[in-house]
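Reviewing the structure listed below.
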Amino acid sequence: DELISQIAAGEVVERPASVVRELVDNALDAGAQNITLRLLGGGTRLIAVEDDGGGIAPDELPVALKRHATSKIGNLTDLESVMTMGFRGEALAAINSVSELTLLSRMDGQPNALALDGQTGEVRPAPRAVGTTVEVKELFFSTPARRKFLKSDSTELAHCIEAVRRHALARPDVSFAIWHEGKLVEQWRVHPGPEGLAQRLGDVLGHDFVAQSVPVDYHAGPLHVVGRAGTPDAARSRPDHQFAYVNGRFVRDKVLMHGARSAYEDVLHGHKQPAYALFVQIDPTLVDANVHPTKIEVRFRDSRAVHQAIRHAIEQAIAAPRS
Ligand code: ADP
Ligand code: MG
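Have a look at this one:
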């Protein structure tokens, strides 16, 4: 089982940033309002993700580290309509098999938190407010062949920050902080009110992105597209400001990217890359997110309709007179 877990880990955990992505997914699924990351050595020595979500029940604690243990899917029909970030129940088991993992959690109504040592299975009481902390130490310590593929600490840190950035764009209602080697390196707070998304986009992507983009808000049948699309004159030489989400999940999807690109067909020349942050809401039964363990790929039931909707959403936005 250890070996199977380590093999499965290869698909889910490539580097510290993959751990960060999974742990932040879990914190968001638990309803966290505040998520704090503490990293050492670019995440190779320590990744600690602290949340103020609902916590894990004492009897669920050991189960959370078992393969295919998920509290989020009850049956196959649920799989069709999954709205949580996680649902495969393999992340914690996979991470635990390639690191020294500690799970510390307290549910509302519990007198104290419990800490579970992922290696020994030992559980002991510990002080903590309601919520969960997952500590991942010495990633790949037992799989030196994998450890060898890690880049410098600063490169791994940059990937970790990028992973949180992707979450932070989709969740302007949650605040995020990232500490590295004891220093605060990023902090994104919640801006209450109707401009919360635009303000978060500005905080994360830079205020130029907001100044040089227009709001997108487009409905087409079971599809709703919101976000911001860069104006053609603000296109850049690199595609580093292209973010697409499906039901809150960051995706790299050809249909969405091509749809966006095609909206700029007549107004962008040469190799310029448009900037955009697009959030697609779609009936979950019309999209399959269970294509790949990292869930970065999706399959749409009607990809032509999605392509068209993205294209029209952006065309309409960039054609509208700027306010
Ligand atoms: P999945 O997210 O696919 O269910 P994971 O392996 O990521 O699987 O997590 C296993 C289980 O552990 C989750 O289903 C959830 O019940 C619990 N869990 C993990 N992290 C947290 C957290 N931060 N807060 C509350 N529960 C959590
Ligand atoms: Mg998960």
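To convert a position in the sequence shown, counted from 1, into the numbering used here, add 5. For every residue, glycine included, the Cβ atom is placed at its ideal position computed from N, Cα and C.
Check, Outcome
"Residue closest to R316, alpha-carbon to alpha-carbon, out of A294, V230 and Q115", "V230"
"Local Cβ density within 10 Å of G36, reported as buried at 16 or more and exposed below that", "exposed"
"Which of helix, strand or coil DSSP assigns to I301", "coil"
"Reduced DSSP secondary structure (H/G/I, E/B, other) of R111", "strand"
"Residue closest to K71, alpha-carbon to alpha-carbon, out of P149, E320, V135 and G123", "G123"
"Distance CB(A240)-CB(K277) smaller than 8 Å", "yes"
"Through-space distance from D222 to A131, alpha-carbon basis", "47 Å"
"Run of the beta strand (DSSP E) containing D122, from where it starts to where it stops", "A118 to D122"
"Through-space distance from L97 to A69, alpha-carbon basis", "7 Å"
"C-alpha distance - G235 paired with P289, whole-angstrom precision", "27 Å"
"Closest residue to T138 among R306, L261 and R111 (Cα-Cα distance)", "R111"
"Check: D34 C-beta below 7 Å from any heavy atom of the ligand ADP", "yes"
"Residue range of the unbroken alpha helix (DSSP H) whose run includes Q321", "S308 to A324"
"F145 (DSSP reduced to helix, strand or coil)", "coil"
"Beta carbon of V128 nearer than 8 Å to that of L66", "yes"
"Pair within 8 Å by beta-carbon distance, V285 and L206", "no"
"Residue from R306, A134, I52 and L291 whose Cα sits closest to the Cα of H114", "This sequence places Gly at residue 114; His is not what is there. Of the listed residues, the one whose Cα sits closest to G114 is A134."
"Ordered list of beta strand (DSSP E) runs contained in the stretch 163-229, each at least 3 residues", "180-185, 188-193 and 218-225"
"For R26, the three-state DSSP class (helix, strand or coil)", "helix"
"With 16 other Cβ atoms within 10 Å as the buried cut-off, status of T41", "buried"
"N31 beta carbon near the ligand ADP (any heavy atom closer than 7 Å)", "yes"
"First and last residue of the uninterrupted beta strand (DSSP E) at I52", "L51 to D56"
"Contacts around G201, its chain only, beta-carbon distance under 6 Å, and the 5 residues preceding and following it disregarded", "P177"
"Residues bridged to E105 (per DSSP)", "K142"
"Reference V272; option with closest CA among L108, P63, R171 and I319", "I319"
"Neighbourhood of N252 by C-beta, 8 Å cutoff - its chain only, sequence neighbours within 5 removed", "M88, V285, Q286, I287, P289, V292 and A294"
"First through last residue of the alpha helix (DSSP H) which encompasses L261", "K259 to A268"
"Distance cut-off 7 Å: E27 Cβ against heavy atoms of the ligand MG", "yes"
"Spatial neighbours of H312 in its chain, beta-carbon cut-off 6 Å, leaving aside the 5 residues before and after", "V260 and G264"
"Residues bridged to D293 [DSSP beta-bridge criterion]", "R304"
"Pair within 8 Å by beta-carbon distance, R20 and L174", "no"
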